[in-house]
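Taking the UniProt record's numbering, the leading residue of the sequence shown gets 1, the next gets one more, and so forth.
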Amino acid sequence: MAALSARGQSDTISSSDKKKIRYTNSFLAGALLGKKGNGSYTSITTIHGIRYNRLAVGLGTGYEGYTDWRVLPILGSVSYDFVRIKQNSFFVQVNGGYSIAYHTAEREDYQEYERGKGKTFSGLIGYRIKANKFSIYISSGYKFQRIKYSYSPIYWWDSSGELDPPKTTVQRDMERFIVQIGFGLN
Numbered sequence: 001m002a003a004l005s006a007r008g009q010s011d012t013i014s015s016s017d018k019k020k021i022r023y024t025n026s027f028l029a030g031a032l033l034g035k036k037g038n039g040s041y042t043s044i045t046t047i048h049g050i051r052y053n054r055l056a057v058g059l060g061t062g063y064e065g066y067t068d069w070r071v072l073p074i075l076g077s078v079s080y081d082f083v084r085i086k087q088n089s090f091f092v093q094v095n096g097g098y099s100i101a102y103h104t105a106e107r108e109d110y111q112e113y114e115r116g117k118g119k120t121f122s123g124l125i126g127y128r129i130k131a132n133k134f135s136i137y138i139s140s141g142y143k144f145q146r147i148k149y150s151y152s153p154i155y156w157w158d159s160s161g162e163l164d165p166p167k168t169t170v171q172r173d174m175e176r177f178i179v180q181i182g183f184g185l186n
């Protein structure tokens with residue numbers, strides 16, 4: 001009897017709650033704005049996940065450009081609608097993850113760059129406008145990208161032929177203001 005009772009209670013999500021859990025996604029494009037000399041570059045992000053009432057969680061990827069680097073982030077995302085006005089919402093969003101970076105500078109400095117990698121984080125505030133089955137997103141906030149990479153001289157002369165070229169490892173932190181607009185299912 002106890003086994004039957006425990007078995008009957010194993011389903012913790014009611015059918016009405018299942019209807020509240022739904023698929024959500026967003027496709028966003030925008031600009032990464034830096035201090036003078038750091039330039040403004042492109043940011044494209046897509047996030048797919050689930051929404052339960054005001055809370056959304058998901059996984060995403062994208063493409064970002066920086067002065068000498070092109071970055072491919074893989075990230076987790078949490079978003080919360082803190083104010084709803086009819087079918088529209090103000091939201092806060094936090095994204096964090098890991099990125100792979102490719103150096104794009106000309107070879108004028110005679111260096112050979114290895115692929116970079118590092119953590120990424122962003123905190124955003126935005127407004128989502130419901131339009132039929134889709135939503136339009138407008139958001140802005142802070143973006144942090146760390147890249148750790150190594151480089152060595154392209155031309156290395158060792159008379160014995162036994163030594164590898166010297167390698168220098170660098171950690172670079174890039175902070176930007178991000179502005180995005182996009183669309184998605186919500």
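Heads up, the beta-carbon is just placed ideally off N, CA and C, and yes, glycines get one too.
- [ ] Starting from the C-beta of Tyr52, find all residues in its chain whose C-beta is less than 7 Å away, skip the five residues before and the five after it, and write them out in chain order.
- [x] Within the same chain, Tyr52 has close Cβ partners Lys20, Ile21.
- [ ] Check whether the Cβ of Ile50 lies closer than 8 Å to any Cβ atom in chain C.
- [x] In the structure shown, chain C cannot be found, because there is only a single protein chain.
- [ ] Sort Gln145, Lys35, Lys167 by Cα distance to Glu112 and report the nearest one.
- [x] With distances taken between Cα atoms, Glu112 lies closest to Lys167.
Task: Given Lys148 as reference, the closest of Ala131, Tyr137, Asp173 once Cα atoms are compared - done: Comparing C-alpha distances from Lys148 to each of Ala131, Tyr137, Asp173 shows the shortest one belongs to Asp173.
TODO: Going by CA-CA distance only, name the one from Ser99, Gly118, Ser40, Val83 that's closest to Val92.
DONE: The residue with the shortest Cα to Cα distance from Val92 is Val83.
Task: Residues of its chain near Tyr142, where Cβ-Cβ distance is below 6 Å and the 5 sequence neighbours each way are ignored - done: Within the same chain, Tyr142 has close Cβ partners Gly123.
Open item on the list: With DSSP as the reference, identify every bridge partner of Leu72, one or two as the case may be.
Closed with: Under DSSP, Leu72 takes part in a beta bridge, and its partners are Ile100.
TODO: Look up Lys20 in the DSSP assignment and say whether it is helix, strand or coil.
DONE: Correct three-state label for Lys20: helix.
Task: Exposure of Arg170, with buried meaning 16 or more beta-carbon neighbours within 10 Å - done: Strictly speaking, residue 170 in this sequence is Val, with Arg absent from that position. Around the beta-carbon of Val170, fewer than 16 other beta-carbon atoms lie within 10 Å, marking it exposed.
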